[in-house]
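Going line by line, the protein sequences match chains V and X. Take 5 as the starting number for the first sequence in this note's numbering and just add one per residue. Take 243 as the starting number for the second sequence in this note's numbering and just add one per residue. C-beta: ideal position from N, C-alpha, C; glycine also.
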Amino acid sequence: AQSVAQPEDQVNVAEGNPLTVKCTYSVSGNPYLFWYVQYPNRGLQFLLKYITGDNLVKGSYGFEAEFNKSQTSFHLKKPSALVSDSALYFCAVRDMGVNDYKLSFGAGTTVTVRA
Amino acid sequence: DTGVSQDPRHKITKRGQNVTFRCDPISEHNRLYWYRQTLGQGPEFLTYFQNEAQLEKSRLLSDRFSAERPKGSFSTLEIQRTEQGDSAMYLCASSSEQGHTEAFFGQGTRLTVV
Numbered sequence: 005a006q007s008v009a010q011p012e013d014q015v016n017v018a019e020g021n022p023l024t025v026k027c028t029y030s031v032s033g034n035p036y037l038f039w040y041v042q043y044p045n046r047g048l049q050f051l052l053k054y055i056t057g058d059n060l061v062k063g064s065y066g067f068e069a070e071f072n073k074s075q076t077s078f079h080l081k082k083p084s085a086l087v088s089d090s091a092l093y094f095c096a097v098r099d100m101g102v103n104d105y106k107l108s109f110g111a112g113t114t115v116t117v118r119a
Numbered sequence: 243d244t245g246v247s248q249d250p251r252h253k254i255t256k257r258g259q260n261v262t263f264r265c266d267p268i269s270e271h272n273r274l275y276w277y278r279q280t281l282g283q284g285p286e287f288l289t290y291f292q293n294e295a296q297l298e299k300s301r302l303l304s305d306r307f308s309a310e311r312p313k314g315s316f317s318t319l320e321i322q323r324t325e326q327g328d329s330a331m332y333l334c335a336s337s338s339e340q341g342h343t344e345a346f347f348g349q350g351t352r353l354t355v356v
């Protein structure tokens, strides 16, 4: 079985400050890891992914994420948050094994960036 | 627009009625997924198609739910005898066949059962 935990329901930061959204995962094999963002009444937009290689991956809108195998974590980061980053963020995992199609999501973290 | 499209965007129906949603994936994508999202939760996997074959159905998908993907192109999700607990956002996504590729999501269909 595979699962994702996002331990924080909400993250509040001031504009210009660094933003971190936490994610830990569990898979039986090796993971593919993804971050998505969702704006109100919209579908999910892909931000970035980790497949293999460099543990620090860069994605859209200045976001990056760091894969840590020993801690089974994949935290999302942005050095300087913008008000427009306020949204709902989801971490997701796929197992590289047989069922490599199934994407399992965390419960989401609401990010609020205040001006 | 070459993204995933879903129709309708919103559906309000009375309890006990049947509803059908449509999803048009990105044309070159073999894989198609349906997810359900309720308020405050992440998307939950419902079912998966590889081309026209439905390869997995979640236990969340009761007998009242059926999904098809004829000819491996668009897909439909039908809910029979709707219940208030079916109220949710239904998301469709598609991806290419490799597991490392990201899934692209549609805007979703928001179902409200009254």
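Listed by chain order, chain V residues near residue i by CB distance under 8 Å
i	result
residue 344 of chain X	38, 50 and 53
residue 348 of chain X	47
residue 273 of chain X	105
Residue i: first and last residue of the uninterrupted beta strand (DSSP E) it sits in
i	result
residue 7 of chain V	7-9
residue 203 of chain X	Lying before the first or after the last residue shown, residue 203 of chain X is absent from chain X, which here runs from 243 to 356.
residue 72 of chain V	68-72
residue 244 of chain X	Where residue 244 of chain X is concerned, there is no enclosing beta strand (DSSP E), given that its DSSP letter is neither H nor E.
residue 292 of chain X	286-292
residue 96 of chain V	91-99
residue 351 of chain X	351-355
residue 320 of chain X	317-321
residue 253 of chain X	252-255
residue 277 of chain X	273-279
residue 18 of chain V	14-18
Residue nearest to residue i in terms of C-alpha spacing, selected from the options
i	options	result
residue 244 of chain X	X/311, X/270 and X/257	X/270
residue 304 of chain X	X/294, X/287 and X/273	X/287
residue 73 of chain V	V/57, V/23 and V/16	V/57
residue 272 of chain X	X/261, X/317, X/264 and X/306	X/317
residue 78 of chain V	V/29, V/14 and V/20	V/29
residue 333 of chain X	X/261, X/351, X/283 and X/311	X/351
residue 88 of chain V	V/104, V/66 and V/6	V/66
residue 302 of chain X	X/315, X/328, X/282 and X/313	X/328
residue 118 of chain V	V/19, V/25, V/32 and V/110	V/19
residue 283 of chain X	V/8, V/32 and V/59	V/8
residue 264 of chain X	X/346, X/347 and X/319	X/319
Own chain, CB closer than 6 Å to residue i, minus 5 neighbours either side, in chain order
i	result
residue 41 of chain V	49, 51, 91 and 93
residue 61 of chain V	52, 54 and 69
residue 23 of chain V	17, 82 and 85
residue 34 of chain V	100
residue 267 of chain X	246, 274 and 336
residue 280 of chain X	330
residue 307 of chain X	321
residue 116 of chain V	16 and 90
residue 76 of chain V	28 and 29
residue 63 of chain V	51 and 52
residue 343 of chain X	337
Within chain X, partners of residue i - CB distance below 8 Å
i	result
residue 112 of chain V	282, 283 and 284
residue 106 of chain V	287, 290 and 298
Backbone secondary structure at residue i - three-state DSSP
i	result
residue 43 of chain V	coil
residue 266 of chain X	strand
residue 328 of chain X	helix
residue 312 of chain X	helix
residue 65 of chain V	helix
residue 84 of chain V	coil
residue 261 of chain X	strand
residue 32 of chain V	coil
residue 55 of chain V	coil
residue 299 of chain X	strand
Own chain residues within Cβ distance below 7 Å of residue i, not counting five before or after
i	result
residue 299 of chain X	289
residue 349 of chain X	248 and 251
residue 114 of chain V	13, 14 and 92
residue 294 of chain X	311, 312, 313 and 314
Cβ shell of residue i (< 8 Å), same chain only, five flanking positions each side left out
i	result
residue 257 of chain X	324, 325, 326, 355 and 356
residue 107 of chain V	38, 96, 97 and 98
residue 21 of chain V	84 and 85
residue 292 of chain X	272, 273 and 339
residue 296 of chain X	289, 290, 309, 310 and 311
Amino acids of chain X, ordered along the chain, whose beta-carbon sits closer than 9 Å to that of residue i
i	result
residue 109 of chain V	277, 279, 283, 284, 285, 286 and 287
residue 94 of chain V	284 and 285
9 Å Cβ cut-off: residues of chain V touching residue i
i	result
residue 333 of chain X	47 and 48
Cross-chain neighbours of residue i in chain V, by beta carbon under 7 Å
i	result
residue 341 of chain X	36, 98, 100, 104 and 105
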